[in-house]
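Novice: Handing you a structure now.
Protein chains: 2
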Amino acid sequence: MAFLLSRLGFEVGRELGHALAGLGLEVRHFGLLRLLADRKGHSQRALGAMLRITPNRMVALIDDLESRGLIERRPHPADRRAYAVTLTGAGSALLDQALQAALDLEVRTCRPLEAEEREQLLGLLRKLAEAKDALNNEALAGIHPGMPASDED
Amino acid sequence: MAFLLSRLGFEVGRELGHALAGLGLEVRHFGLLRLLADRKGHSQRALGAMLRITPNRMVALIDDLESRGLIERRPHPADRRAYAVTLTGAGSALLDQALQAALDLEVRTCRPLEAEEREQLLGLLRKLAEAKDALNNEALAGIHPGMPASDED
DNA sequence: TATTGTTATACTCTATAACTATA
DNA sequence: TATAGTTATAGAGTATAACAATA
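As given, the protein sequences belong to chains A and B, one line each in that order. Residue numbering for the first sequence is 21 to 173, as defined by the working numbering. Residue numbering for the second sequence is 21 to 173, as defined by the working numbering.
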């Protein structure tokens with residue numbers, strides 16, 4: 021079952037990549053845009069910690085999206101070393117399209133299942149994910165906050 | 021749900037990698053050893069086509085496992101250009117250990133679920149995988165056999 | 001002294017295109 | 001001519017360690 025889960029997850033991830041490619045986005049771009057829609061004005065390091073992306077890679081990722089006018093590096097109100105990374109109007113609009121593409125994929129992925137089966141599957145996957153989160157939060161509780169610290173990932 | 025599936029699948033795959041690391045194996049090694057246990061004496065290209073690994077990468081992969089005495093390049097009975105790649109006794113023994121490690125991971129992964137729920141989940145994942153296979157086989161039916169041909173993957 | 005963003009360097013992984021020996 | 005295995009080269013992606021500005 022673990023094998024099946026891994027394989028399906030890998031394929032769905034790849035399909036999401038294909039779906040986003042039409043918008044000129046990759047999965048990591050999507051992840052950052054999605055995060056910026058919820059949590060506003062965070063520093064690059066804070067965002068990287070949430071996404072498990074190291075500081076040097078965040079530079080390239082943010083350079084990329086900023087050069088396309090989708091996000092902005094604004095001065096951070098409390099720390100002149102840092103930027104407050106912010107979604108622009110164009111970024112928000114493209115994110116909406118990306119979310120729509122993800123929803124289409126969702127529908128396509130679920131098509132082989134009956135409505136009732138989808139609910140079952142969703143519930144079971146949630147249960148697994150929550151159990152895993154509980155484990156991770158416990159394990160991460162003792163770690164210095166703000167740092168990726170993904171040595172023993 | 022697609023997102024949840026992708027995330028869980030990714031994490032399980034990573035955990036399998038950690039479980040195999042103790043045996044000095046990576047997931048790709050495991051995949052090849054597993055394949056060799058079932059289908060004996062195939063050429064490198066045939067194996068690569070099944071695993072979606074290009075010929076040049078197969079060389080390095082097989083070099084690696086052969087240098088550790090886990091597999092052998094024997095002369096191919098019907099084609100002097102090719103090798104009949106074969107699992108050795110040591111390879112078979114290590115594969116058994118790897119399968120045991122994978123089974124342990126399976127048990128750990130399923131722990132948050134009741135026995136009945138596991139059956140449900142397994143059934144639903146199988147249904148999704150089979151639907152996907154049906155699609156792929158149809159799409160692949162027109163492609164020249166024996167070639168990876170992963171242009172539009 | 002520690003931290004934010006950045007850059008430079010090296011290293012790994014991979015794809016592509018050659019090459020040889022056979023078919 | 002096409003195919004099996006191999007090798008060489010170049011390119012992408014990444015980690016690591018430095019750096020200047022600020023805390």
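Backbone N, C-alpha and C define an ideal beta-carbon position, used for all residues, glycine too.
(1) Flag this pair as yes or no: are the beta carbons of L67(B) and L85(B) separated by less than 9 Å?
(2) Once you ignore the five residues that flank A110(B) on each side, which residues in its own chain have a CB closer than 7 Å to its CB?
(3) Taking only beta-carbon atoms, is R77(B) less than 9 Å away from chain A?
(4) So does the region 123-136 of chain B actually touch the region 45-65 of chain B, counting three or more Cβ pairs closer than 8 Å?
(5) Might you give, ordered along the chain, the residues of its own chain that have their beta carbon closer than 7 Å to the beta carbon of G162(A), omitting 5 neighbours on each side?
(6) Of all Cβ atoms in chain A, is any one closer than 9 Å to the Cβ of A151(B)?
(7) Under 7 Å Cβ-Cβ, which residues of chain A neighbour Q140(B)?
(8) For chain A, check one thing: does any of its Cβ atoms lie closer than 9 Å to the Cβ of E46(B)?
(9) Could you pull out every unbroken beta strand (DSSP E) segment of at least 3 residues lying fully inside the region 29-96 of chain A, listed in chain order?
(10) Three-state secondary structure (DSSP) at T108(B)?
(11) Find out if the Cβ-Cβ distance for the pair Q117(A), L43(A) is shorter than 9 Å.
(12) Determine, using beta carbons only, whether L133(B) comes closer than 9 Å to chain A.
(13) Using a C-beta to C-beta distance shorter than 8 Å, which residues of chain B count as neighbours of V32(A)?
(14) Taking C-beta to C-beta, are L40(A) and L25(B) nearer than 9 Å?
(15) With C-beta atoms as the reference, is A104(A) less than 9 Å away from R94(A)?
(16) Closest Cβ-Cβ distance between A121(A) and chain B: below 9 Å?
(17) Compare the C-alpha of A22(A) against each of D99(B), L155(B), L141(B) and K152(B) and name the closest.
(18) Are any of the Cβ atoms in chain A nearer than 9 Å to that of T106(B)?
(19) Name the chain B residues that come within less than 7 Å of T74(A), Cβ to Cβ?
(20) Take E136(A) as the anchor and find which of G37(B), L144(B), K152(B) and R131(B) has the nearest alpha-carbon.
Specialist: Quick answer:
(1) no
(2) These residues qualify, in order along the chain: G89 and L90.
(3) no
(4) no
(5) Below a pLDDT of 50, predicted positions are generally treated as unreliable, and G162(A), at 35, falls in that range; the measurement from the model is reported next regardless. Once the five neighbours on either side are set aside, G162(A) has no close Cβ partner at all.
(6) yes
(7) Q140 and L144
(8) no
(9) 91-95
(10) Here T108(B) sits in coil by DSSP.
(11) yes
(12) yes
(13) Listed by position along chain B, the residues whose Cβ is nearer than 8 Å to that of V32(A) are A22, L25, S26 and G29.
(14) Taking C-beta atoms as the reference points, L40(A) and L25(B) fail to come closer than 9 Å.
(15) yes
(16) no
(17) When only C-alpha atoms are compared, the closest one is L141(B).
(18) no
(19) In chain order: nothing, as chain B lies at least about 17 Å away.
(20) Of the listed residues, the one whose Cα sits closest to E136(A) is L144(B).
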